[in-house]
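Have a look at the structure below before the remarks.
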Amino acid sequence: MTTLDLRGLVRDIPDFPKPGILFRDITPLMRSPLAWQEVMRQMGDVCDRLAPDLIVGIESRGFIVGTALATARNIGFSPVRKPGKLPGEVIGVDYTLEYGSDRLEIIPDGFEHGPRVLIVDDLLATGGTAGACAELVNRVGGELCGFAFIVELADLGGKAKLPDAVPVESLIVY
């Protein structure tokens with residue numbers, strides 16, 4: 003069986019969202035049923051290796067990737083969102099970005115028994131958001147077993163901001 007060229011389905015958009023940024027757009031990849039099935043197959047391989055009990059997806063494209071993967075692997079999903087978007091009790095963390103600061107929140111329900119957690123998102127860039135998500139998982143009692151991304155921008159050094167000794171898997175690395 004031939005593996006699809008996923009990289010060929012990632013569109014480069016120069017100067018988005020601001021001048022000097024080269025945006026890697028996965029929309030064409032998501033529009034291709036065969037390519038998306040290949041993404042889920044490869045992400046499923048990551049799940050098989052890391053054996054999570056729960057997938058945590060980062061707002062917003064992490065929801066798309068994470069819920070599809072959780073459904074395919076018959077495991078639970080928990081969203082991490084920006085402030086004020088989740089109902090009920092939440093736990094939050096403030097973090098810094100290269101251009102300012104932000105906050106992420108999670109509902110602590112479902113973490114009582116220390117599930118193994120795989121954090122999923124579409125893209126790893128500078129690592130600030132994924133690192134903050136890892137801190138949230140730890141705060142609510144999850145055991146972080148890994149990260150999985152469709153795309154990684156290696157030159158931005160995001161892996162360095164993630165916890166040591168936790169696997170980081172990326173399907174496409176630029």
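Residue numbers (my numbering): 3 to 176. Idealized CB from N, CA, C, for every residue including glycine.
- Message: Going by beta-carbon coordinates alone, are D123 and G68 separated by less than 9 Å?
- Response: Walking along the sequence shown from the start, residue 123 turns up at place 121. Walking along the sequence shown from the start, residue 68 turns up at place 66. For D123 and G68, yes; Cβs fall inside 9 Å.
- Task: Pick helix, strand or coil for I93, following the three-state DSSP scheme.
- Result: Numbered from its first residue, the sequence shown carries residue 93 at position 91. Three-state DSSP puts I93 in a strand.
- Message: Using only the alpha-carbon positions, how far apart do V176 and T128 sit?
- Response: Translated into positions along the sequence shown, residue 176 becomes position 174. Translated into positions along the sequence shown, residue 128 becomes position 126. Correcting the residue identity first, residue 176 is Tyr in this sequence and not Val. Per the coordinates, the alpha-carbon of Y176 lies some 13 Å from the alpha-carbon of T128.
- Item | CA-to-CA distance, D7 to E154, given in whole angstroms | One-based indexing of the sequence shown puts residue 154 at position 152. One-based indexing of the sequence shown puts residue 7 at position 5. Computed Cα separation, rounded: 16 Å.
- Query: Near G116, which residues of its chain fall below 6 Å by C-beta distance, leaving aside the five closest residues on each side in sequence?
  - Reply: As a first step, residue 116 must be located in the sequence shown, where it is residue number 114. Contacts found: G143, E145.
- Query: For F151, is the classification buried or exposed, using 16 other Cβ atoms within 10 angstroms of its Cβ as the cut-off for buried?
  - Reply: Residue mapping note: residue 151 aligns to position 149 of the sequence shown, counting from 1. Its Cβ being crowded by 16 or more others within 10 Å, F151 is buried.
- Please confirm whether G112 and K163 have their CB atoms less than 9 Å apart. On the sequence shown, residue 112 is found 110 positions in, with the first residue counted as 1. On the sequence shown, residue 163 is found 161 positions in, with the first residue counted as 1. Not closer than 9 Å, so no.
- For P85, which three-state DSSP category applies? To locate residue 85, count along the sequence shown from 1; it is residue 83. In the three-state scheme derived from DSSP, where H, G and I count as helix and E and B as strand, P85 is classed as coil.
- Task: Just tell me which of C147, D104, G148 has its CA closest to the CA of A134.
- Result: Reading the sequence shown from its first residue, position 132 is the one you call residue 134. When only C-alpha atoms are compared, the closest one is D104.
- Beta-carbon separation of I28 and L11 under 9 Å? Mapped onto the sequence shown, residue 28 falls at position 26. Mapped onto the sequence shown, residue 11 falls at position 9. Cβ atoms of I28 and L11: closer than 9 Å.
- Message: Give the list of continuous alpha helix (DSSP H) stretches no shorter than 4 residues that lie fully inside the stretch 11 to 68.
- Response: The qualifying runs are 29 to 33, 35 to 52.
- Buried versus exposed, by CB contacts within 10 Å (16 or more), E100: To locate residue 100, count along the sequence shown from 1; it is residue 98. Under a 10 Å Cβ-count criterion, E100 is classified as exposed, with fewer than 16 other Cβ atoms of the shown protein chains found around its own Cβ.
- Query: Which value, in whole angstroms, describes the spacing of the CA atoms of G90 and T5?
  - Reply: Along the sequence shown, read from residue 1 onward, the residue named residue 90 stands at position 88. Along the sequence shown, read from residue 1 onward, the residue named residue 5 stands at position 3. Roughly 43 Å between the two C-alpha positions.
- Task: Going by CA-CA distance only, name the one from P21, S34, A132 that's closest to R160.
- Result: Stepping through the sequence shown from its first residue, residue 160 is reached at position 158. A quick correction: the sequence has Gly, not Arg, at residue 160. Checked all of P21, S34, A132; the closest Cα to G160 is A132.
- Task: Assuming R26 contacts L125 (C-beta within less than 8 Å), just tell me the rounded distance between them.
- Result: On the sequence shown, position 24 is the one that residue 26 refers to. On the sequence shown, position 123 is the one that residue 125 refers to. Going by Cβ atoms, the distance from R26 to L125 rounds to 7 Å, so yes, they are a contact pair.
- Item | R141 - containing alpha helix (DSSP H), residue span | To locate residue 141, count along the sequence shown from 1; it is residue 139. Element bounds for R141: 130 to 141.
- Cα-Cα, which of R63, K20, D47, E61 is closest to L173? Here the question's residue 173 lines up with position 171 in the sequence shown. It is D47 whose Cα lies nearest to the Cα of L173.
- Is DSSP giving L158 helix, strand or coil here? Taking the sequence shown and counting its residues from 1, the one referred to as residue 158 is at position 156. Reduced to three states, the DSSP call for L158 is helix.
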